[in-house]
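What follows is a single structure, written as structure tokens, with notes after it.
2 protein chains.
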Amino acid sequence: MVHKRVHRKRDGRELLLYSWAPLEDPPLPEPEEAPAPSSHLRYHPLRRAWAVYTPHRQGRTFLPPEEHCPLCPSRPGGFPTEIPFPRFQVAVFQNRFPAFVETPPAPPSLPVPTAPAWGRCEVVVYTPRHTGSLATLSHEERLLLLWALRDRYQALYALEGVRFVMPFENRGEAIGVTLHHPHGQIYAYPFVPPLLEREAEAFREGPVLLELLPHLGPYAVDREGGFLAFVPPFAHFPYEVWVVPEAFHPGLWTLSEGEMEALARLLGRTVARLDALFGEPMPYVMLFHAAPKGEEAHFHFHVEFLPVLRDKGRRKYLAGTELGAGAFTVDVLPEEAARRLRETGLGPF
Amino acid sequence: MVHKRVHRKRDGRELLLYSWAPLEDPPLPEPEEAPAPSSHLRYHPLRRAWAVYTPHRQGRTFLPPEEHCPLCPSRPGGFPTEIPFPRFQVAVFQNRFPAFVETPPAPPSLPVPTAPAWGRCEVVVYTPRHTGSLATLSHEERLLLLWALRDRYQALYALEGVRFVMPFENRGEAIGVTLHHPHGQIYAYPFVPPLLEREAEAFREGPVLLELLPHLGPYAVDREGGFLAFVPPFAHFPYEVWVVPEAFHPGLWTLSEGEMEALARLLGRTVARLDALFGEPMPYVMLFHAAPKGEEAHFHFHVEFLPVLRDKGRRKYLAGTELGAGAFTVDVLPEEAARRLRETGLGPF
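Below, the structure written as structure tokens:
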């Protein structure tokens, strides 16, 4: 059974500790209060999208030494971390340098539309251990992480102004990660972001993913208890992998206990495969795409891994055509990527 | 007067030499034929966008030593470059590793829609000198470059299947540039790419940029002969700069001779400013956004510089929220970026 302990940090931010057994340690001293967030939204009239302006984030913690890792457990008399407890399993807390906040300042008046950066940003610490990854967590740790995300989905979608909730993980310095401790993030957006608008439109027109699944033979990479891992034939990134339930689910919150177990195993094996490919941890962005609010009837839940290496030590750059036109060029054929990922020799294929 | 010499390379690719005085040197030996392009298009059913799959590009030339630079002039008895002439000013040739080609192979039949990668990709060599940038070219060189681009716009939009033509420059290893010689590229797309669809939609609803221009006081960076350089209040990249004509123009091809001169000067000064900011060449993507075919009545021509440094030696990464949701986070306020760029002390502001 998952236990959840709620702690209010001294600066008012919420810290949630998820564990398989109750944790009752008294809290240790906490770090200094965070700078006040100064975010607001601005509308790009040509890209037709909201962006969030966060000048206070320029000063965020950047690759601290291990002894000053803010995501490790605190020790009595030691460096005060974000988690003022000597033990935890999975910890979730409100980001110290958030893009979205529940009490945003009034936005400035500008020549383009602006809005308060209302919403919520959370950090999800996967494990008390400073090193590791989704691939090296134990099954119980990964499963607890998924239950924690499920709890956060429910809590954040219960907030009235939230339109879309996205757990994600940026992994590796090549993607700009500033803290090495295994962790992800959750953004609760006050708008449906552009790529999700597109996906929701597609799902309203038809069950795109469910119709595709039977035709993915050469693209399949791995399979487990009702989930398929595959390289999409339309991948935009080399070695991109999607993990998709084979029955309809709008989000993590509708999965059975057995499906939660299967997803935990398959996510772990997928990261292990990506790491085996070039014999080094693969830098990637991992995204949970669940239904935006109001799209639960059609939107098919999926997890996307977007790795940024196109070969060992050689990264894929987004440049002129991607950044300036939104048209991707892809050097690695998805069917070739799938074959190489299958051949890493983990799992049933 | 601009002179244009057309040379057909031995593998059939076209090479165009633009100069202020006729160039009549006989051609020198050429390099081996390029591998046959194997591109095709695939449709991403959830992002609702075409991408181009180019496995032959994995083997493209990667940071060759200067003596093997394919963009330098050839020397008799020397390394055969892409330009088999001892002298040139601006050279344009069909890319040896193109994404789009005029005779694409038939696309494979896949579980998602596919199409031939019809179109054209060109390389634009700014100068015969191996080092330099838009900032260090002479005014005459920059002006010749603009006239060459204007000629290419007209030639490429004259091709029936072309829907959008985009000259662009990827600059700096931080953006993945594989050749240092100052150069840009031109893509002639067989579809209107997603970001341009959005821009065209916006311009069909109203003259967004023309209405904005009078309100850009704190955002202005520089000005010259009917063009304004400014940091958009809705910039997605730190130190992003747009160069925009103050009267309506759908593309380079409608500018007066005086406006061509002004644009040449302002582009040069803009790059000089970006380079002065951190005292090192700024890595960026520069885009020419002219009207897609059929949008000439409303689409307002503009040049975008998207620099990827958010501070000296510290890059802006696109990660979870940008790549996975299309929602940008911006650390540097545009009005602060504009102030810093004005204070570099080049030009009238």
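So the sequence lines, in the order shown, correspond to chains V and R. Each residue of the first sequence is one higher than the last, beginning at 2 in my numbering. Each residue of the second sequence is one higher than the last, beginning at 2 in my numbering. Where is the CB? At the ideal position from N, CA and C, for every residue including glycine. For clarity, every value in this text was computed on a predicted model and none was experimentally measured.
Open item on the list: For a contact defined as C-beta to C-beta under 8 angstroms, what are the partners of alanine 100 of chain R on chain V?
Closed with: Neighbours of alanine 100 of chain R on chain V, chain order: Thr322 and Thr330.
Open item on the list: When you compare the CB positions of leucine 310 of chain V and arginine 316 of chain V, do they come within less than 8 angstroms of one another, or not?
Closed with: yes
Open item on the list: Using a Cβ distance threshold of 8 angstroms, determine whether the region 210 to 227 of chain V contacts the region 108 to 126 of chain V, with at least three qualifying pairs required.
Closed with: They do not touch, by the three-pair rule.
- [ ] Please decide whether valine 222 of chain V counts as near chain R, where near means a Cβ-Cβ distance under 8 angstroms.
- [x] no
Open item on the list: Going by beta-carbon coordinates alone, are threonine 330 of chain V and threonine 55 of chain R separated by less than 8 angstroms?
Closed with: yes
Open item on the list: For a contact defined as C-beta to C-beta under 8 angstroms, what are the partners of glutamine 186 of chain R on chain V?
Closed with: Gly321
- [ ] Could you please tell me which residues of the region 143 to 168 of chain V, in chain order, have their CB closer than 7 angstroms to any CB of chain R?
- [x] Using a CB distance below 7 angstroms, the part of the region 143 to 168 of chain V facing chain R consists of Met167, ordered along the chain.
- [ ] Pair every Cβ in the region 155 to 174 of chain V with every Cβ in the region 183 to 199 of chain V, then say whether three or more of these pairs are closer than 8 angstroms.
- [x] yes
TODO: Would you list the one or two residues that DSSP bridges to alanine 92 of chain V?
DONE: V/Leu18 and V/Val126
Open item on the list: In chain order, what are the residue ranges of uninterrupted beta strand (DSSP E) at least 3 long that sit wholly in the region 150 to 223 of chain R?
Closed with: 165 to 172 and 184 to 190
- [ ] Determine which residues share a DSSP beta bridge with tyrosine 54 of chain V and list them.
- [x] V/His41 and R/Val331
TODO: Report the three-state DSSP secondary structure of phenylalanine 302 of chain V (helix, strand or coil).
DONE: Phenylalanine 302 of chain V falls in the coil class under three-state DSSP.
Task: Proximal residues of chain R, C-beta to C-beta of threonine 245 of chain V below 7 angstroms - done: Per the sequence shown, the amino acid found at residue 245 of chain V is valine instead of threonine. The contacting residues do not exist; valine 245 of chain V stays about 11 angstroms from chain R at best.
TODO: Could you tell me which chain V residues have their CB closer than 7 angstroms to the CB of leucine 197 of chain R, listed as they occur along the chain?
DONE: Ala326
TODO: Count the C-beta pairs between the region 233 to 241 of chain R and the region 36 to 52 of chain V that are closer than 8 angstroms, then say yes if the count reaches three, no if not.
DONE: yes
- [ ] Can you give me the Cβ contacts of leucine 180 of chain R inside the same chain, cut-off strictly under 8 angstroms, excluding the 5 residues immediately before and after it?
- [x] Thr62, Leu64, Pro65, Cys70, Pro71 and Leu72
Task: Coarse secondary structure for leucine 146 of chain R, derived from DSSP in three states - done: helix
Task: Alpha-carbon to alpha-carbon, arginine 205 of chain V and arginine 199 of chain V - done: Rounded to the nearest angstrom, the two C-alpha atoms are 10 angstroms apart.
Open item on the list: At the 8 angstroms Cβ level, is leucine 334 of chain V part of the contact set with chain R, yes or no?
Closed with: yes
Task: Simplified DSSP state of leucine 229 of chain R, which is helix, strand or coil - done: strand
Open item on the list: In this structure, how does DSSP classify threonine 345 of chain R when only helix, strand and coil are distinguished?
Closed with: coil
- [ ] Provide the residue(s) that pair with lysine 10 of chain R in DSSP beta bridges, ordered along the chain.
- [x] None; lysine 10 of chain R has no bridge partner.
TODO: Would you mind telling me which residues of chain R sit closer than 9 angstroms to glycine 177 of chain V, beta carbon to beta carbon, in chain order?
DONE: The answer, in chain order, is Arg316, Lys317, Tyr318, Leu319 and Ala320.
TODO: Answer yes or no: do proline 99 of chain R and aspartate 26 of chain R have a C-beta to C-beta separation smaller than 8 angstroms?
DONE: no
Task: Partner residues on chain R for histidine 45 of chain V, Cβ-Cβ distance less than 7 angstroms - done: Phe235 and His237
- [ ] Select from V/Arg270, V/Gly295 and V/Pro36 the residue whose C-alpha is nearest the C-alpha of tryptophan 243 of chain V.
- [x] V/Arg270
- [ ] Counting only runs of 3+ residues fully inside the region 247 to 292 of chain R, write out the beta strand (DSSP E) ranges in chain order.
- [x] 285 to 290
Open item on the list: Please state the DSSP three-state secondary structure of leucine 324 of chain R.
Closed with: helix
Task: Distance between proline 105 of chain R and lysine 5 of chain R (C-alpha atoms, nearest Å) - done: 27 angstroms
Task: Rounded C-alpha distance that separates glycine 177 of chain R from tyrosine 285 of chain V - done: 17 angstroms
- [ ] Show which residues of chain V have a CB atom less than 7 angstroms away from the CB atom of tyrosine 54 of chain R.
- [x] Chain V residues near tyrosine 54 of chain R: Val331 and Leu334.
Open item on the list: Can you look up histidine 4 of chain R in the DSSP assignment and give me helix, strand or coil?
Closed with: strand
Task: Three-state class that DSSP yields for alanine 116 of chain V in the structure shown - done: strand
TODO: For arginine 48 of chain V, name the three-state secondary structure that DSSP assigns.
DONE: coil
- [ ] With DSSP collapsed to three states, give me the class of arginine 340 of chain R.
- [x] helix
- [ ] Could you tell me which chain V residues have their CB closer than 7 angstroms to the CB of asparagine 171 of chain R, listed as they occur along the chain?
- [x] Contact note: asparagine 171 of chain R reaches chain V through Ala320 and Gly321, using a C-beta cutoff of 7 angstroms and chain order.
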